[in-house]
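Residue numbers for the sequence shown follow our numbering, beginning at 1182 and rising by one.
Here is the structure we will look at, set down as structure tokens.
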Amino acid sequence: MLKESGSQCYTEIDPAVVREIIKSVEKAGGYAHVSMRDVSVTRQLILSGSEEQFKLLADWECYRLSKMQVYINLRSPRNAYELADVPAEKMKLYQKVFGKSHSEAVYKTRWVTTRIPNEASAQEANMSTEAYEKFYYDVCTLDYNNMSKAMEPLKELMEKTNRVRIIGEGTDLEFSIEGIGVLKGDGTDNIPDGEIYTAPVKDSVNGIITCNTVSVQQGYAFQNIKLHMKHGKIIEAYANDTERINRILDTDEGARYMGEFALAFNPYILHPMNNTLFDEKINGSYHIAIGDSLQGADNGNTSAIHWDLVNIQRPEYGGGEIWFDDVLIRKDGRFILQKLFGLNEENLKR
């Protein structure tokens, strides 16, 4: 990652690994700049802050990041629900003023993000700490070079595709991806990884999608999410807290439009971990993101939020189909075109 001696490296990491990161950065010829964060402190800043304060925070963070060539984001949160009781208007203001500016500044660096295993992460995943640690190292150390090569046929197919149709339990969604960039998530930025993503043409999305995984957003665990879209816009949204999900979708105009569509295939991630970084890579799943589109796959939609919603299509989760231009390319979580067989589970495991 530190391609040049003298690179400035900005890290946001857990104290348990900070010393080793500093040593590694120094050994690579760079200079480490450390930022230690705690979500409980962030919570208090949001509760106590004003628009002016959030703007100052954003200006300061973006200035520091503008001096960096590399951004390493290693997190180990103790409570995924720390922000659950932050008032909606405060959260919306923070996301609009600070969140989007910070994300844009990060994307201008060579960045990588992962989550260091701890007891809280294991608890979220309903696993013992030992089992979670083994799982973590399996998913993070698979052969990403092999995966990247296996992705090429799918990337090329998506670049030639116009219409996408997704069919599943409670889901029948259609949209176009024509002319939108297609990118590989092959371990360069996110760890773990294992997805190919693009975005729909903004006003082309029509139909209904029902998500069969839990999605934690702004400290709240949303379940049974169902969205009805017309001409790209979410016109109806339901969940275990329908009022709360609609408040998030009203963050700004772009929050009711899709900013991403991705197919995922990490062979070691089979079930939801209640952690988006992992869940969006679940083998045999796809996800959409509502809100901001991504660099390289920009459909023109901008928003202070980027919320990934995952649906697993393997048989034990109800199955489902992915169609490209009236050709079935994946059924029940398995690719059925011969040129895509390399992305099926048995061909990606070490």
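In this text, a Cβ means the ideal position worked out from N, Cα and C, and glycines have one as well.
On a predicted model such as this, the values are computed, not experimentally measured, just so you know.
Output yes or no for whether 8 Å exceeds the beta carbon distance between residue i and residue j.
i: L1451; j: I1463; result: yes
i: R1291; j: S1257; result: no
i: T1391; j: E1340; result: no
i: S1533; j: G1413; result: For residue 1533 there is no data in the structure shown, the boundaries of the chain being 1182 and 1531.
In whole angstroms, give me the CA-to-CA distance for residue i and residue j.
i: N1307; j: P1453; result: 10 Å
i: N1447; j: D1374; result: 7 Å
i: V1382; j: I1358; result: 6 Å
i: Q1225; j: D1266; result: 11 Å
i: K1330; j: K1271; result: 44 Å
i: E1311; j: A1301; result: 12 Å
i: E1497; j: G1465; result: 11 Å
i: R1218; j: R1344; result: 43 Å
i: P1298; j: N1371; result: 15 Å
i: I1227; j: G1400; result: 13 Å
i: G1499; j: I1493; result: 8 Å
i: K1407; j: N1482; result: 21 Å
i: M1352; j: K1281; result: Reading the sequence as shown, one finds Thr at residue 1352 and not Met. Distance between the alpha carbons of T1352 and K1281: 30 Å.
i: I1361; j: I1469; result: 15 Å
i: V1206; j: L1323; result: 23 Å
i: E1233; j: K1273; result: 14 Å
i: Y1527; j: A1420; result: A quick correction: the sequence has Glu, not Tyr, at residue 1527. Spanning the two alpha carbons is a distance of roughly 35 Å.
i: V1287; j: E1461; result: 20 Å
i: P1268; j: S1229; result: 11 Å
i: G1514; j: G1501; result: 7 Å
i: D1431; j: T1423; result: 12 Å
i: V1251; j: Y1449; result: 28 Å
i: N1393; j: R1245; result: 40 Å
Could you check how far apart the C-beta atoms of residue i and residue j are, in whole angstroms? I think they sit under 8 Å.
i: I1486; j: Q1276; result: 6 Å
i: C1243; j: H1283; result: 7 Å
i: M1328; j: L1529; result: 6 Å
Please list, in chain order, all residues of the same chain as residue i whose beta carbon is under 7 Å from its beta carbon, the five residues on each side excluded.
i: Q1398; result: I1429 and W1488
i: F1516; result: I1510, F1522, L1524 and N1525
i: T1342; result: I1358, F1505 and D1506
i: E1333; result: none
i: Y1317; result: P1298
i: R1495; result: G1465, D1513 and G1514
i: Y1165; result: What the structure shows of the chain is the stretch from 1182 to 1531, and residue 1165 is not part of that stretch, so it cannot be assessed.
Using a Cβ-Cβ cutoff of less than 6 Å, which residues in the same chain neighbour residue i once the five nearest sequence positions on both sides are dropped?
i: E1355; result: R1346, N1387 and G1388
i: H1409; result: I1389, I1416 and E1417
i: G1368; result: Y1325 and D1374
i: V1220; result: P1258 and E1263
i: W1131; result: Limits of the chain in this structure are 1182 at one end and 1531 at the other, which puts residue 1131 out of reach.
i: L1458; result: R1296
i: S1484; result: D1433, G1435, A1436, G1472 and D1473
i: F1279; result: F1235, L1238 and A1239
i: K1520; result: P1334
Leaving out five residues on either side along the sequence, give the residues of the same chain with a beta carbon under 8 Å from the beta carbon of residue i.
i: E1305; result: A1261, M1454, N1455 and N1456
i: V1363; result: K1336, M1339, E1340, I1377, Y1378, T1379 and A1478
i: E1441; result: Y1378, T1379, A1380, H1468, I1469, A1470, S1474, L1475, A1478, H1487 and D1489
i: V1395; result: A1402, F1403, Q1404, P1453 and N1455
i: S1247; result: A1286 and K1289
i: I1426; result: F1403, I1406, A1418, Y1419 and A1420
Tell me whether residue i, by its Cβ, gets closer than 7 Å to a heavy atom of the ligand FMN.
i: S1257; result: Although the ligand FMN was asked about, the structure shown includes no ligands whatsoever.
ask   = What are the start and end residues of each continuous alpha helix (DSSP H) run of 4 or more residues lying completely inside the segment 1239-1319, in chain order?
value = 1269-1275, 1281-1287 and 1300-1305
request  = At 3 residues or longer, and completely inside the segment 1383-1436: list those beta strand (DSSP E) runs for me, N to C.
outcome  = Here the runs fully enclosed are 1387-1391, 1396-1398, 1401-1403, 1407-1411 and 1414-1419.
ask   = Whole alpha helix (DSSP H) runs in the segment 1320-1350 with 4 or more residues, listed along the chain?
value = 1325-1341
key: Segments assigned alpha helix (DSSP H), at least 4 residues, entirely inside the segment 1442-1522   = 1457-1460
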